[in-house]
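Colleague:
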Amino acid sequence: MLVVMKAHATEEQVRDVCQKIEKMGYRAHAMPGAQRTAIGITGNKGEVEAGTLEEMPGVQEVIAVSKPYKLVSREIREDNTVIRFPGTAATLGGPGLAIVAGPCAIESREQAFAVAERVRRAGAQFFRGGAYKPRTSPYSFQGLGEEALRIMAEIREQFGMKIITEAIDHESLDLVERYADVIQIGARNMQNFSLLKRAGRARKPVLLKRGMSATLEEFLMAAEYILSEGNYNVALCERGVRTFADHTRNTLDLSVVPAVQRLSHLPILVDPSHGTGKRNKVTPLSRAAVAVGADGLLVEVHHQPDQALSDGPQSLFPDQFDELMTQVRQIASVVGRGVPEIGMRETLAVSR
Ligand code: PEP
Ligand code: MN
Numbered sequence: 323m324l325v326v327m328k329a330h331a332t333e334e335q336v337r338d339v340c341q342k343i344e345k346m347g348y349r350a351h352a353m354p355g356a357q358r359t360a361i362g363i364t365g366n367k368g369e370v371e372a373g374t375l376e377e378m379p380g381v382q383e384v385i386a387v388s389k390p391y392k393l394v395s396r397e398i399r400e401d402n403t404v405i406r407f408p409g410t411a412a413t414l415g416g417p418g419l420a421i422v423a424g425p426c427a428i429e430s431r432e433q434a435f436a437v438a439e440r441v442r443r444a445g446a447q448f449f450r451g452g453a454y455k456p457r458t459s460p461y462s463f464q465g466l467g468e469e470a471l472r473i474m475a476e477i478r479e480q481f482g483m484k485i486i487t488e489a490i491d492h493e494s495l496d497l498v499e500r501y502a503d504v505i506q507i508g509a510r511n512m513q514n515f516s517l518l519k520r521a522g523r524a525r526k527p528v529l530l531k532r533g534m535s536a537t538l539e540e541f542l543m544a545a546e547y548i549l550s551e552g553n554y555n556v557a558l559c560e561r562g563v564r565t566f567a568d569h570t571r572n573t574l575d576l577s578v579v580p581a582v583q584r585l586s587h588l589p590i591l592v593d594p595s596h597g598t599g600k601r602n603k604v605t606p607l608s609r610a611a612v613a614v615g616a617d618g619l620l621v622e623v624h625h626q627p628d629q630a631l632s633d634g635p636q637s638l639f640p641d642q643f644d645e646l647m648t649q650v651r652q653i654a655s656v657v658g659r660g661v662p663e664i665g666m667r668e669t670l671a672v673s674r
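Positions in the sequence shown are counted from 1; adding 322 to them yields my numbering.
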C-alpha cells in the first residue's frame with residue numbers, strides 16, 4: 323500500500339502518518355518527491371485497513387501498489403533517485419553521468435595508484451577495485467582483503483575519487499562499509515537475500531549488479547530487499563547476461579536500461595567490461611550505453627592488462643580509457659547529459 327500525501331502536507335503530518343503506520347505493526351517508508359511525499363507501507367500480510375489513514379490530515383489518498391516490488395517502483399516515487407556524495411559533484415543518478423573506473427582487483431599499492439592516477443585524469447569520479455574477488459576457481463587470486471581497502475582509502479584522499487568495492491559476505495560487508503563510499507553487490511550475490519538485507523541496513527549507498535540470468539523483475543526484487551530494510555540509496559548495474567552467444571563473455575542487455583527507467587526510480591549504470599569480456603568491445607558499447615540513457619558506466623582499466631591477476635582481457639589500457647572518455651562526452655552532450663568534474667582541490671592533488 324501507498325499513502326500519497328497532499329502537495330502541501332507538512333512534515334509533521336507526514337510524521338504522524340508514519341507513526342500511525344508503525345503503530346498498526348507495519349513499516350513506513352517516507353519517500354519525498356518534487357511534488358509530494360509518498361509513504362510506502364511494508365510488512366503487511368494482507369490488505370491494510372486504509373480507512374483510518376485516509377482520514378488523517380494531509381493525506382490525499384491510499385492506493386494499492388500493483389507491482390510485486392514496491393519501494394523501487396515509480397508508483398511510489400515519480401522522480402529519479404539521485405545519490406549524492408557531500409563535498410563533490412559526483413552523483414549516482416541525475417543529469418551527470420557517473421564514471422566508475424579502475425582495475426578488476428587491487429593487486430598492489432603501485433598498481434592501484436598507477437591506474438587511479440590515469441582514470442582520475444581522464445575524468446572518472448569513482449574508483450573501483452576488488453578487495454574480495456568472487457572467483458570461479460578457488461585457486462585464482464582472491465583479492466588482498468582489508469589491505470586493498472586501505473589502499474583505496476588512500477586513493478580517495480589523494481585523488482578525491484569516491485571508492486566503490488564489492489562485499490561478498492557479511493564479514494567483508496562490515497569492512498567495505500567502513501572503508502568505501504559505495505558497497506558493490508556482485509552478480510553472483512544478486513539473490514543472496516541475507517547479504518541484501520545486511521546491505522539494506524548499511525549506512526552507505528549500494529551498487530547492485532544484475533545476476534547473470536536474472537529477469538528484470540528478479541533484479542528489481544533484489545533491490546527491493548535493500549530498500550525494504552531502510553537503505554534507499556541503491557543504484558543498479560547491467561553487466562550482461564548468459565546467452566548462447568559466444569563471441570562475447572556475456573550479452574550486454576542494453577534494452578534493460580529503458581525498461582528499468584520505466585518501472586523504477588533507481589539509477590541504472592552499465593558495465594561493458596564484464597558485459598562483453600573483450601577489450602575491443604568496451605568502447606563501442608560504452609557509447610551505446612550512454613546513448614540509450616544509462617546513468618553511468620563501470621569500466622575496468624589496468625596499466626598492464628597482460629599482467630592483470632583477473633579480467634586482463636577486458637581491461638582497457640589507460641590510453642584507451644582516455645579515448646573512451648572523449649567519445650562518451652560527445653555522446654553525452656547529444657542526449658543532454660554531461661560528465662561532472664570533481665572539485666578543484668582534487669584536481670590540484672592530481673597535477674602535483
Ligand atoms: C566486478 O565488478 O569485478 C565483478 C566481479 O562483476 P560481476 O559481479 O558483474 O561479475
Ligand atoms: Mn572484473
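Don't be surprised by glycine CBs; every beta carbon is placed ideally from N, CA and C.
Just list the residues that DSSP pairs SER577 with in beta bridges.
Modeller: Sequence index remark: in the sequence shown, residue 577 carries index 255 (1-based). Per DSSP, none; premise fails for SER577.
Colleague: Count the other CB atoms, across all protein chains shown, that sit within 10 Å of the CB of ASP496; report buried if there are 16 or more and exposed otherwise.
Modeller: As a working mapping, residue 496 is identified with position 174 in the sequence shown. It counts as exposed.
Colleague: Mind checking TYR461: buried by the 16 CB within 10 Å criterion, or exposed?
Modeller: Start at 1 with the first residue of the sequence shown, and residue 461 comes out as number 139. That one is exposed.
Colleague: Who does ALA383 pair with in a DSSP beta bridge?
Modeller: As a first step, residue 383 is located in the sequence shown; it is residue number 61 there, counting from the start. According to the sequence shown, residue 383 is Glu rather than Ala. Partner(s): VAL326.
Colleague: Going straight from the alpha carbon of GLU663 to that of GLY615, what length do you get?
Modeller: What you label residue 663 is simply residue 341 of the sequence shown in a count that begins at 1. What you label residue 615 is simply residue 293 of the sequence shown in a count that begins at 1. Between GLU663 and GLY615, the C-alpha separation is close to 19 Å.
Colleague: Please state whether the Cβ-Cβ distance between ILE361 and VAL387 is less than 8 Å.
Modeller: Start at 1 with the first residue of the sequence shown, and residue 361 comes out as number 39. Start at 1 with the first residue of the sequence shown, and residue 387 comes out as number 65. Going by C-beta atoms, ILE361 is not nearer than 8 Å to VAL387.
Colleague: Just to confirm, are THR570 and LYS600 a CB contact at a threshold of 8 Å?
Modeller: Residue numbering aside, residue 570 sits at position 248 when the sequence shown is read from its first letter. Residue numbering aside, residue 600 sits at position 278 when the sequence shown is read from its first letter. Against a cut-off of 8 Å, the Cβ pair of LYS600 and THR570 comes out as a contact.
Colleague: Can you round the beta-carbon distance between LEU619 and ARG396 to whole angstroms, since I take them to be within the 8 Å contact cut?
Modeller: Residue mapping note: residue 619 aligns to position 297 of the sequence shown, counting from 1. Residue mapping note: residue 396 aligns to position 74 of the sequence shown, counting from 1. Actually they are not in contact, since the Cβ atoms of LEU619 and ARG396 sit about 23 Å apart, beyond 8 Å.
Colleague: Please name the residue in ALA654, PHE639 and SER632 whose C-alpha comes closest to that of SER459.
Modeller: To locate residue 459, count along the sequence shown from 1; it is residue 137. Among ALA654, PHE639 and SER632, the Cα nearest to that of SER459 is on SER632.
Colleague: Over the uninterrupted alpha helix (DSSP H) stretch that includes GLU622, give me the two end residues.
Modeller: Mapped onto the sequence shown, residue 622 falls at position 300. No alpha helix (DSSP H) holds GLU622; the beta strand (DSSP E) holding it covers 618-622.
Colleague: For ARG500, would you say it is in contact with chain C, using Cβ-to-Cβ distances shorter than 8 Å as the test?
Modeller: Looking at the structure shown, chain C is missing, and only one protein chain is on hand.
Colleague: Going by DSSP, which residues form a beta bridge with SER586?
Modeller: Position 264 of the sequence shown holds residue 586. Note: SER586 sits in a beta bridge opposite SER395.
Colleague: Could you name each continuous beta strand (DSSP E) segment of 3 residues or more that falls completely within the region 346-390, going from the start of the chain to the end?
Modeller: 349-354, 359-364 and 381-385
Colleague: How about HIS596: is its Cβ closer than 7 Å to a heavy atom in ligand 2?
Modeller: Translated into the one-based positions of the sequence shown, residue 596 becomes position 274. True, at least one ligand heavy atom lies under 7 Å from that Cβ.
Colleague: What distance in whole Å lies between the Cβ atoms of VAL422 and ALA453, which are believed to be in contact at a cut-off of 8 Å?
Modeller: Working through the sequence shown from its first residue, we reach residue 453 at position 131. Working through the sequence shown from its first residue, we reach residue 422 at position 100. That pair is no contact at about 15 Å.
Colleague: So, at 6 Å on beta carbons, what are the nonlocal neighbours of GLU439 in its own chain, with the 5 sequence-adjacent residues on each side left out?
Modeller: Walking along the sequence shown from the start, residue 439 turns up at place 117. Cβ neighbours of GLU439 beyond the five flanking positions: none.
Colleague: What number of angstroms, rounded off, separates the C-alpha of GLN642 from the C-alpha of THR364?
Modeller: As a first step, residue 642 must be located in the sequence shown, where it is residue number 320. As a first step, residue 364 must be located in the sequence shown, where it is residue number 42. Whole-angstrom Cα-Cα distance: 47 Å.
Colleague: For ligand 1, is there a heavy atom less than 7 Å away from the beta-carbon of GLY618?
Modeller: The residue labelled residue 618 in the question sits at position 296 within the sequence shown. GLY618: no, Cβ never under 7 Å from ligand 1.
Colleague: Between ALA329, LYS389 and ILE653, which has its C-alpha nearest LEU607's C-alpha?
Modeller: Counted from its first residue, the sequence shown places residue 607 at position 285. Of ALA329, LYS389 and ILE653, the residue nearest in Cα terms is ILE653.
Colleague: Just grab the DSSP bridge partners of GLN506 for me.
Modeller: Here residue 506 corresponds to residue number 184 of the sequence shown, with the count starting at 1. Its beta-bridge partners are GLU488 and LEU529.
Colleague: For ASN553, count neighbouring Cβ atoms within 10 angstroms of its own Cβ and tell me buried if that reaches 16, exposed if not.
Modeller: What you label residue 553 is simply residue 231 of the sequence shown in a count that begins at 1. The residue is buried, with at least 16 neighbouring Cβ atoms inside 10 Å.
Colleague: Can you determine whether any heavy atom of ligand 1 sits closer than 7 Å to the C-beta of ALA434, and answer yes or no?
Modeller: To locate residue 434, count along the sequence shown from 1; it is residue 112. No, ligand 1 has no heavy atom inside 7 Å of this Cβ.
Colleague: Measuring only the C-alpha atoms, how far is ALA444 from ASP644?
Modeller: For the purposes of this step, residue 444 is identified with residue 122 of the sequence shown, where counting begins at 1. For the purposes of this step, residue 644 is identified with residue 322 of the sequence shown, where counting begins at 1. If you draw a straight line from the Cα of ALA444 to the Cα of ASP644, it is about 5 Å long.
Colleague: May I have the straight-line CA-CA distance separating ALA610 from LYS367, to the nearest angstrom?
Modeller: For the purposes of this step, residue 610 is taken as the residue at position 288 of the sequence shown. For the purposes of this step, residue 367 is taken as the residue at position 45 of the sequence shown. Cα to Cα, ALA610 sits roughly 43 Å from LYS367.
Colleague: Taking contact to mean 3 or more Cβ pairs, one atom from each stretch, closer than 8 Å, check whether the region 542-560 and the region 507-518 are in contact.
Modeller: yes
Colleague: Can you give me the C-alpha to C-alpha distance between ILE477 and GLN513, rounded to a whole angstrom?
Modeller: The count along the sequence shown starts at 1 and reaches residue 477 at position 155. The count along the sequence shown starts at 1 and reaches residue 513 at position 191. If I take the Cα positions, the gap works out to 31 Å.
Colleague: Per DSSP, which one or two residues make a beta bridge with CYS559?
Modeller: Numbered from its first residue, the sequence shown carries residue 559 at position 237. LYS531 and LEU591.
Colleague: I need the DSSP call for ILE473, collapsed to helix, strand or coil.
Modeller: Start at 1 with the first residue of the sequence shown, and residue 473 comes out as number 151. Helix at ILE473.
Colleague: Determine whether the beta carbon atoms of ARG358 and MET327 lie at a separation below 8 Å.
Modeller: Position 36 of the sequence shown, counting from 1, holds the residue named residue 358. Position 5 of the sequence shown, counting from 1, holds the residue named residue 327. In this structure, MET327 lies closer than 8 Å to ARG358 by Cβ.
Colleague: As a quick exercise: from ASP568, ASN555 and THR413, pick the residue whose alpha carbon is nearest that of ALA524.
Modeller: Reading the sequence shown from its first residue, position 202 is the one you call residue 524. Comparing Cα positions, the closest option is ASN555.
Colleague: Within 7 Å: the Cβ of CYS426 and any heavy atom of ligand 2?
Modeller: Counted from its first residue, the sequence shown places residue 426 at position 104. CYS426: yes, Cβ under 7 Å from ligand 2.
Colleague: Just verifying my parser: in three-state terms, what is the DSSP assignment at VAL612?
Modeller: If you number the sequence shown from 1, residue 612 lands on position 290. Note: VAL612 maps to helix in three-state DSSP.
Colleague: Quick one: what does DSSP say VAL422 is sitting in, helix, strand or coil?
Modeller: The residue labelled residue 422 in the question sits at position 100 within the sequence shown. Three-state result, VAL422: strand.
Colleague: On the premise that ILE490 lies in contact with PRO456, defined as a C-beta separation below 8 Å, what is that separation, rounded to the nearest angstrom?
Modeller: Here residue 456 refers to the residue found at position 134 of the sequence shown. Here residue 490 refers to the residue found at position 168 of the sequence shown. Confirmed, about 5 Å.
Colleague: Spatial neighbours of SER595 within its chain, please: C-beta separation below 6 Å, excluding the five flanking residues on both sides.
Modeller: Position 273 of the sequence shown holds residue 595. The answer, listed in chain order, is VAL604, VAL621, GLU622 and GLN636.
Colleague: Just the Cα atoms here: how many angstroms apart are ASP593 and ALA436?
Modeller: As a working note, residue 593 is residue 271 in the sequence shown. As a working note, residue 436 is residue 114 in the sequence shown. Between ASP593 and ALA436, the C-alpha separation is close to 22 Å.
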